[in-house]
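Colleague: First the structure, which I've put down as structure tokens, then a few questions once you've had a look.
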Amino acid sequence: MLGEQYRVYYITCMSEQSEILRQRRKSTSESASGRFITLKDGRKIYEPARGGKYSKAEIRAAVKQAREVRLRAEAG
Amino acid sequence: MSKPAYANSVFVNCPFTSDFKPMFRAIVFAVMDCGFRPRCALEDIDGGEVRLQKIERLIEDCKFGIHDLSNMKLDPDTGLPRFNMPLELGLFLGAKRYGDTSQKSKRLIIMDSDRFRYQKCISDISGQDVDAHGGDPKTAIRRVRDWLSTVSKRKSIPGPTFMIARYEDYDRDYPTICSILKCDEDEPTFNDLLETVSEWQKLNAEA
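What follows is the structure, encoded as structure tokens:
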């Protein structure tokens with residue numbers, strides 16, 4: 048009886064551990080290749096994991112600044 | 567590769583020459599604005615990987631493929647045509663024809679500057695629909711958008727007019743972005759390009 052309970056307990060533990068490992072492998076591979084995020088307007092878009100020559104922060108700042116330049120020019 | 571990643575990936579087969587860069591940026595923008603991940607041989611995943619193996623792996627990982635043959639012309643220096651694009655188109659068609667169930671579900675678009683030019687050089691693909699963009703990036707965006715909307719059946723893909731207007735804004739910002747990053751417009755790597763589009767999309771999303 049105790050042996051059977053232990054067997055069920057062992058199988059449950061191993062199954063849970065496999066699932067954790069599977070999820071961990073999946074999230075590592077997803078984070079290396081980027082991910083899909085939801086925009087303010089509800090659309091899903093691809094976000095790369097990292098930049099190439101420039102850092103994410105450098106590109107974000109340049110894009111923000113360029114947008115401000117354009118909006119100022121459009122406003123006259 | 568997991569099924570969601572496969573179904574969200576678009577293989578971009580086009581030249582990477584300077585004169586094609588505006589068209590390449592437009593195609594990448596359209597793919598990303600449709601909600602997909604563009605992939606191409608310029609991805610720097612493993613420097614030690616043989617180029618053909620890398621292309622084979624990329625093709626295997628992508629359900630969708632954009633094949634632009636418009637730059638298939640004689641090289642003025644060598645007098646020979648560049649055959650990389652037709653080769654990669656052939657690999658994609660081969661994977662679709664001989665692959666497993668998932669590979670057989672591949673969808674592709676073939677684009678050229680002229681709709682019937684291919685008949686003079688690769689007539690074996692007769693019967694495939696070839697879309698002409700006439701060398702115009704905005705027409706290419708419309709072609710890619712309409713095709714992805716049809717084959718993916720996604721309702722979330724914005725209309726062509728909205729997408730082209732967004733591209734025009736991005737295209738106006740791009741030289742300033744490069745100037746701020748202190749580089750020429752050809753200089754950002756493929757990953758940098760994806761990053762600029764992604765950041766631009768986040769910043770310019772309408773609430």
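Top line first, the protein sequences correspond to chains A and B. For the first sequence, the numbering used here gives the first residue as 48, with consecutive numbering after it. For the second sequence, the numbering used here gives the first residue as 567, with consecutive numbering after it. Each residue gets a CB set at the ideal place from its N, CA and C atoms; glycine is no exception.
Could you confirm whether any beta carbon from chain B is found closer than 7 Å to the beta carbon of Glu94(A)?
Modeller: Yes, Glu94(A) lies at the interface with chain B (some Cβ there is under 7 Å from its Cβ).
Colleague: Look at the alpha carbon of Gly81(A) and the alpha carbon of Tyr93(A), and state the distance between them as a whole number of angstroms.
Modeller: When rounded, the distance between both Cα atoms is 7 Å.
Colleague: Here's a check: name, in chain order, each residue in its chain whose Cβ is nearer than 7 Å to the Cβ of Arg673(B), leaving out the five neighbours to either side.
Modeller: Counting only Cβ-Cβ distances below 7 Å, and skipping sequence neighbours, we find Lys629, Phe630 and Val717.
Colleague: Work out the CA separation of Gly89(A) and Leu640(B) for me, nearest whole Å.
Modeller: Distance between the alpha carbons of Leu640(B) and Gly89(A): 46 Å.
Colleague: Assuming Leu118(A) and Ala771(B) form a contact by the criterion Cβ under 8 Å, report the distance between their Cβ atoms to the nearest whole angstrom.
Modeller: About 15 Å; that fails the 8 Å criterion.
Colleague: Closer than 7 Å, CB to CB, is Gly123(A) near chain B or not?
Modeller: With 7 Å as the cut-off, Gly123(A) does not count as an interface residue toward chain B.
Colleague: With 16 other CB atoms within 10 Å as the buried threshold, where does Arg107(A) fall?
Modeller: Arg107(A) comes out buried.
Colleague: Just how far apart, CA to CA, sit Lys91(A) and Phe602(B)?
Modeller: The alpha-carbon atoms of Lys91(A) and Phe602(B) are separated by roughly 9 Å.
Colleague: Can Asn579(B) and His633(B) be called in contact, C-beta distance under 7 Å?
Modeller: Result yes, Cβ atoms of Asn579(B) and His633(B) sit closer than 7 Å.
Colleague: So Arg114(A) contacts chain B; which residues on that side make the cut at Cβ distance below 8 Å?
Modeller: Asp739, Trp766, Leu769 and Asn770, listed in chain order.
Colleague: Looking at the unbroken beta strand (DSSP E) that takes in Val578(B), where does it start and where does it end?
Modeller: Element bounds for Val578(B): Ser575 to Asn579.
Colleague: Can you find the residues in the same chain that come closer than 6 Å, C-beta to C-beta, to Leu714(B), ignoring five residues on each side of it along the sequence?
Modeller: Excluding residues within five positions, the ones whose Cβ falls inside 6 Å are Cys600.
Colleague: List, in order along the chain, the chain B residues whose C-beta lies closer than 7 Å to that of Ala109(A)?
Modeller: Correct list: Ile743, Ile746 and Leu747.
Colleague: CB-CB under 7 Å to Lys662(B), same chain, minus the five flanking residues each way: which ones, in chain order?
Modeller: Around Lys662(B): Gln669, Lys670 and Lys672.
Colleague: What did DSSP end up calling Gly693(B) once you bin it into helix, strand or coil?
Modeller: Correct three-state label for Gly693(B): coil.
Colleague: Going by other Cβ atoms of all chains shown within 10 Å of its Cβ, with 16 needed for buried, is Thr762(B) buried or exposed?
Modeller: When all chains shown are included, Thr762(B) counts as buried.
Colleague: Below 7 Å CB to CB, which residues in the same chain sit around Gln685(B) once its five sequence neighbours on both sides are set aside?
Modeller: Only Ser692 meet the Cβ criterion.
Colleague: What does DSSP give as the partner residues of Thr85(A) in its beta bridges?
Modeller: Bridge partners of Thr85(A): Lys91(A).
Colleague: Indicate whether at least one CB of chain A lies closer than 7 Å to the CB of Asp750(B).
Modeller: No, its Cβ sits nowhere closer than 7 Å to a Cβ of chain A.
Colleague: Give the residues of chain A in contact with Thr795(B), contact being defined as C-beta atoms less than 7 Å apart.
Modeller: Within the shown structure, residues of chain B are numbered from 567 to 773, placing residue 795(B) beyond reach of any answer.
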